[in-house]
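Worksheet for the structure shown next.
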Amino acid sequence: MEWKEGEYKISNDKSLLSVEEICGLLSKSYWASKRPREVIEKSIENSICYGVYHIEKQIGYGRIITDYATTYYICDVILDEEHRGKGLGKKLIECMIEFDEVCSGFGMLATKDAHGLYGQYGFKKDEKTFMRRIPII
Numbered sequence: 001m002e003w004k005e006g007e008y009k010i011s012n013d014k015s016l017l018s019v020e021e022i023c024g025l026l027s028k029s030y031w032a033s034k035r036p037r038e039v040i041e042k043s044i045e046n047s048i049c050y051g052v053y054h055i056e057k058q059i060g061y062g063r064i065i066t067d068y069a070t071t072y073y074i075c076d077v078i079l080d081e082e083h084r085g086k087g088l089g090k091k092l093i094e095c096m097i098e099f100d101e102v103c104s105g106f107g108m109l110a111t112k113d114a115h116g117l118y119g120q121y122g123f124k125k126d127e128k129t130f131m132r133r134i135p136i137i
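In case it helps, full-length UniProt numbering puts the sequence shown at residues 1 to 137.
The following block contains the structure:
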């Protein structure tokens, strides 16, 4: 899958991904700032990944974890601050859920600050049925 507009591109071609750029982006996030490179590399290997590119430089990222049958989880969605406010986050989510056949089942994600973005694509808060387990580090 590939989407292009002007100098921007979104693709799920893993060969285009830059682990260096992904590590840099995630190091600025509230959820993965201390995630080691080897964990990021393993997560890329085991996920459907999308990169957002300005010209040839990767400026965004998102991934889907799935069983390829009933359930998917969207995570690590991030854009470089310099490129926010241009609709690229919306386009990334749109590409992920509308162009990937795995996203026809039950979808989940976790966010502290992007409820408005995900709400536009049918995600709703569910405080009564969701449970989580946080590993002890």
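Don't be surprised by glycine CBs; every beta carbon is placed ideally from N, CA and C.
Quick check: the Cα distance between D76 and C95, rounded to an integer number of angstroms? Counting from one through the sequence shown, the residue named residue 76 turns up at place 76. Counting from one through the sequence shown, the residue named residue 95 turns up at place 95. About 15 Å.
Nearest-angstrom Cα distance between I74 and R63? Taking the sequence shown and counting its residues from 1, the one referred to as residue 74 is at position 74. Taking the sequence shown and counting its residues from 1, the one referred to as residue 63 is at position 63. So the alpha carbons of these two residues sit roughly 6 Å apart.
Give the straight-line distance between the Cα atoms of L26 and A32, rounded to the nearest whole angstrom. Position 26 of the sequence shown, counted from the start, is the residue given in the question as residue 26. Position 32 of the sequence shown, counted from the start, is the residue given in the question as residue 32. So the two alpha carbons sit approximately 6 Å from each other.
Selected residue, minimal CA-CA separation from V52, among K125, G119 and L88: The residue given as residue 52 occupies position 52 in the sequence shown. Per the Cα distances, L88.
Going straight from the alpha carbon of G60 to that of T129, what length do you get? Walking along the sequence shown from the start, residue 60 turns up at place 60. Walking along the sequence shown from the start, residue 129 turns up at place 129. C-alpha separation (whole angstroms): 31 Å.
Output the boundary residues of the beta strand (DSSP E) element that contains S11. In the sequence shown, counting from the first residue as 1, residue 11 sits at position 11. Its beta strand (DSSP E) spans residues Y8 to S11.
8 Å Cβ cutoff, C75 in contact with chain C: Included in the structure is just one protein chain, with no chain C present.
Figure out for me which residue from Y68, E101, S29 and I78 has the closest Cα to the Cα of L92. Here residue 92 refers to the residue found at position 92 of the sequence shown. Minimum Cα distance to L92 is reached at I78.
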